[in-house]
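Its first residue numbered 13, the sequence shown is counted upward by one per residue in the working numbering. C-beta atoms are modelled at their ideal positions from N, C-alpha and C, and glycine is treated no differently.
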Amino acid sequence: NMVPRHEKLSDKSQVPVELSPSCGELPVLFTTDRIAQYYAYEAGDIIRITRTVGSQEPMYYYRIVRPPPAS
13 NMVPRHEKLS DKSQVPVELS PSCGELPVLF TTDRIAQYYA YEAGDIIRIT
63 RTVGSQEPMY YYRIVRPPPA S
């Protein structure tokens, strides 16, 4: 119950804002993140996170899955 719902979107048209081809507007969820590994998300996937903290209405957040930067 502590982890909000994560779901992979089938395409960019499900995001309520227009995105550039690189989806650079979205925050990043790295492929090394435990949630990304649990659901086997791949680089380029767009994820919708649903949170209902503090209200009954769900709030949606979007992330793009990317590999971590090389160090």
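Item                                                                                              : Value
Counted within 10 angstroms of its Cβ, other Cβ atoms place L41 as buried (16 or more) or exposed : buried
Secondary structure of Y51, DSSP reduced to three states                                          : coil
Beta-carbon spacing of A52, V77 below 7 Å                                                         : no
Unbroken beta strand (DSSP E) run spanning L21, endpoints                                         : Taken as a continuous stretch (DSSP letters only), L21 belongs to no beta strand (DSSP E), as it is neither H nor E.
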